[in-house]
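The structure appears right after this line, and notes come after that.
Chains as they are written, first to last, in full-length UniProt numbering: chain A, 1 to 116; chain B, 1 to 554.
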């Protein structure tokens with residue numbers, strides 16, 4: 001199981017990084033999403049992988065560390081909100097400039113775009 | 001006094017929704033509440049600073065949960081000083097935003113402004129790394145809104161880059177936190193400090209990786225050079241008052257580095273041996289050099305100021321990377337200086353924009369109010385470039401002096417002095433082009449209508465006509481206020497340096513901090529009989545930790 005989780009995190013991170021290095025906003029946003037999935041699983045695994053144990057202190061012999069689950073919950077909410085924000089800003093930039101490149105345009109370009 | 005610690009976070013957090021809900025369509029009421037809120041913040045911050053100035057470390061347990069499990073806020077000299085600095089900067093920024101009408105060019109400026117303050121204050125006060133992440137996100141999400149305030153295409157595009165870069169930084173932050181938690185089982189800073197120190201020198205690999213990842217995250221926030229790419233275009237495109245407020249955001253990165261790398265990963269800890277000398281110092285020197293070369297190379301006035309921010313962060317980082325008490329003390333002095341100077345410079349770019357079609361460093365017809373703007377720019381540029389007699393010079397002297405004892409002395413002296421010369425030339429070129437060469441240009445007839453309507457604010461400027469050509473008195477007053485604070489910072493250099501020196505010595509003796517956070521009542525390890533029964537949330541219970549803290553502080 002450790003190998004499975006570790007390789008899943010690795011593959012998602014690699015894919016995410018590859019996509020983030022693209023030039024257009026859509027792949028970059030997908031890359032960011034993949035990276036946040038990877039980091040969520042990573043956070044989850046940081047409290048050790050335990051199967052079939054409750055995440056609270058009980059009388060049971062074994063229990064899962066509850067804190068990473070709380071951390072992941074927070075991280076999911078935040079990354080969800082952030083993804084929504086970046087989608088909206090990117091959409092605004094795309095609709096305004098008719099061009100979804102992430103990089104800085106040359107100076108002449110913006111002037112031309114704004115006049116149009 | 002214990003409850004006051006939460007006030008800098010709660011007050012803007014309550015004010016912002018109030019402004020959105022109740023004063024949505026009344027810009028006047030928004031302004032009144034915003035200014036009143038910032039004034040109240042300054043008063044609270046001054047109180048907290050006074051409280052912490054005798055070395056007391058005060059603890060606030062959120063929800064009365066004890067330290068390693070509950071989230072705590074901690075007010076010591078460093079955090080209260082940064083909170084006060086933020087409040088003072090915010091006051092002048094909000095006054096300028098009102099004076100120049102920036103706040104009415106889009107919606108919800110004041111609400112976002114308050115949320116931004118909440119995030120910054122929280123980041124300075126928190127004693128928990130995950131909570132630091134959360135407050136980073138709060139301040140970032142507000143800054144996204146502020147960054148694209150008043151719209152415009154160039155601004156949106158710069159905003160996309162800014163948000164993406166910071167999202168990547170946040171992801172890296174989470175990876176670092178996960179790695180740290182997997183190694184130590186805690187994210188409370190004081191608890192981490194104890195546990196990291198206990199780790200065997202033999203198995204520090206994981207901790208080392210986590211600490212380097214954390215350093216990278218904070219370096220992104222502080223715009224240290226290989227990670228600075230987001231800064232120039234986003235700061236140049238952001239509305240001027242917002243960029244001025246952002247001057248404190250790079251300092252949040254510097255603050256986090258100082259806090260984490262004195263408290264948790266001190267220079268003596270085996271896990272981070274060589275990190276400061278090997279990595280931080282060369283990068284800091286390179287940022288300083290690149291920032292100042294950028295000042296010389298910039299073709300637009302706002303880019304020039306953005307690069308000078310990178311350069312001044314490099315200067316702060318050089319001093320931090322020394323990791324001596326003198327180094328940190330000098331860094332703190334310089335942080336105060338460069339926050340005020342960068343804030344003033346960003347506001348001056350906006351003053352200079354009034355009446356001009358763009359901020360290109362080319363000769364353009366002279367503008368109304370030009371001489372006054374030029375004078376303000378002159379003072380701010382002297383401060384930023386580090387010429388005597390202003391505080392930039394004093395700060396540089398302190399840093400050079402602190403660097404004297406280290407092995408890097410030749411490099412530090414060479415880069416600091418060389419980059420100062422370059423930045424003086426850069427600022428002189430910008431100033432003479434903007435304000436002197438204007439005299440040699442004949443005024444065309446259509447000076448009122450900028451032909452190159454670059455973005456919305458220029459369209460707005462044309463709409464308002466003359467009103468926009470001469471900035472209001474309040475705008476000048478706000479910039480003048482910031483500059484007079486710089487003068488004050490120079491005149492009071494002695495007392496201020498004594499304060500930052502005491503702060504640095506507190507940072508290098510973190511025992512007070514750790515014991516205040518961890519040895520407070522309510523911990524699971526203590527027998528239950530010790531805490532008075534049924535007093536959870538009662539007034540009597542809160543007095544006790546403060547008393548303990550005060551005793552330990554002395």
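Just so you know, even glycine gets a beta-carbon here, dropped at the ideal spot from N, CA and C.
Between which residues of its own chain and residue i is the CB-CB distance below 7 Å, once the five residues before and five after are set aside?
| i | result |
| --- | --- |
| residue 239/B | 102, 149, 150 |
| residue 130/B | 177, 187 |
| residue 360/B | 299, 300 |
| residue 38/B | 87, 90, 91, 94 |
| residue 306/B | 231, 232, 235, 236 |
| residue 341/B | 380, 383, 384, 392, 486 |
| residue 193/B | 263, 264, 510, 514 |
So what's residue i in DSSP terms, helix, strand or just coil?
| i | result |
| --- | --- |
| residue 102/A | coil |
| residue 78/B | helix |
| residue 324/B | coil |
| residue 195/B | helix |
| residue 64/B | helix |
| residue 390/B | coil |
| residue 72/B | strand |
| residue 24/A | strand |
| residue 364/B | coil |
| residue 103/B | helix |
| residue 128/B | strand |
| residue 10/B | helix |
State the start and end residues of the unbroken beta strand (DSSP E) segment that holds residue i.
| i | result |
| --- | --- |
| residue 589/B | Nothing can be reported for residue 589/B, as the shown portion of chain B is limited to 1 through 554. |
Looking only at C-alpha atoms, which of the options sits nearest to residue i?
| i | options | result |
| --- | --- | --- |
| residue 89/B | 491/B, 440/B, 356/B, 345/B | 345/B |
| residue 517/B | 30/B, 233/B, 127/B, 106/B | 127/B |
| residue 245/B | 143/B, 6/B, 189/B | 143/B |
| residue 29/A | 38/A, 40/A, 16/A, 39/A | 16/A |
| residue 201/B | 252/B, 172/B, 270/B, 242/B | 270/B |
| residue 304/B | 278/B, 237/B, 248/B | 237/B |
| residue 373/B | 321/B, 400/B, 432/B | 432/B |
| residue 125/B | 25/B, 262/B, 4/B | 4/B |
| residue 390/B | 185/B, 228/B, 491/B, 261/B | 491/B |
| residue 308/B | 371/B, 329/B, 277/B, 235/B | 235/B |
| residue 72/A | 393/B, 174/B, 257/B | 174/B |
| residue 80/B | 227/B, 41/B, 67/B, 116/B | 41/B |
| residue 224/B | 280/B, 183/B, 479/B | 280/B |
Would you say residue i touches the ligand MG, meaning its beta carbon is less than 7 Å from a heavy atom?
| i | result |
| --- | --- |
| residue 77/A | The ligand MG is not among the ligands present in this structure, which contains no ligands whatsoever. |
To which residues of the same chain is residue i closer than 6 Å at the C-beta, ignoring the five residues directly before and after it?
| i | result |
| --- | --- |
| residue 64/A | 50, 53, 55 |
| residue 145/B | 112 |
| residue 106/B | 149, 150 |
Can you tell me the Cα-Cα spacing of residue i and residue j, whole angstroms?
| i | j | result |
| --- | --- | --- |
| residue 1/A | residue 45/A | 11 Å |
| residue 333/B | residue 473/B | 30 Å |
| residue 24/A | residue 213/B | 27 Å |
| residue 397/B | residue 426/B | 21 Å |
| residue 32/A | residue 167/B | 7 Å |
| residue 165/B | residue 230/B | 7 Å |
| residue 74/A | residue 36/A | 12 Å |
| residue 424/B | residue 405/B | 27 Å |
| residue 3/A | residue 323/B | 40 Å |
| residue 61/B | residue 73/B | 7 Å |
| residue 625/B | residue 208/B | Here chain B has residues from 1 to 554 only, and residue 625/B is not among them. |
| residue 205/B | residue 190/B | 21 Å |
| residue 86/A | residue 77/A | 14 Å |
| residue 365/B | residue 29/B | 38 Å |
| residue 343/B | residue 380/B | 10 Å |
| residue 419/B | residue 288/B | 7 Å |
| residue 155/B | residue 24/B | 24 Å |
Between which two residues does the alpha helix (DSSP H) carrying residue i extend?
| i | result |
| --- | --- |
| residue 166/B | 153 to 184 |
| residue 1/A | Taken as a continuous stretch (DSSP letters only), residue 1/A belongs to no alpha helix (DSSP H), as it is neither H nor E. |
| residue 110/B | 109 to 125 |
| residue 63/A | Taken as a continuous stretch (DSSP letters only), residue 63/A belongs to no alpha helix (DSSP H), as it is neither H nor E. |
| residue 221/B | 205 to 222 |
| residue 418/B | 409 to 431 |
| residue 45/B | 27 to 52 |
| residue 228/B | Unbroken run through residue 228/B: none, as it is neither H nor E. |
| residue 250/B | 240 to 263 |
| residue 489/B | 473 to 491 |
| residue 385/B | 370 to 385 |
| residue 560/B | The structure shown does not extend to residue 560/B, since chain B spans only 1 to 554, so no value can be given for it. |
| residue 287/B | 281 to 297 |
Residues of chain C with CB under 7 Å from residue i, in chain order?
| i | result |
| --- | --- |
| residue 42/A | Absent from the structure: chain C. Protein chains present are A and B. |
For residue i, I'd like the list of residues in its chain whose CB is within less than 8 Å of its CB, leaving aside the five on either flank, ordered along the chain.
| i | result |
| --- | --- |
| residue 83/A | 29, 32, 33, 36 |
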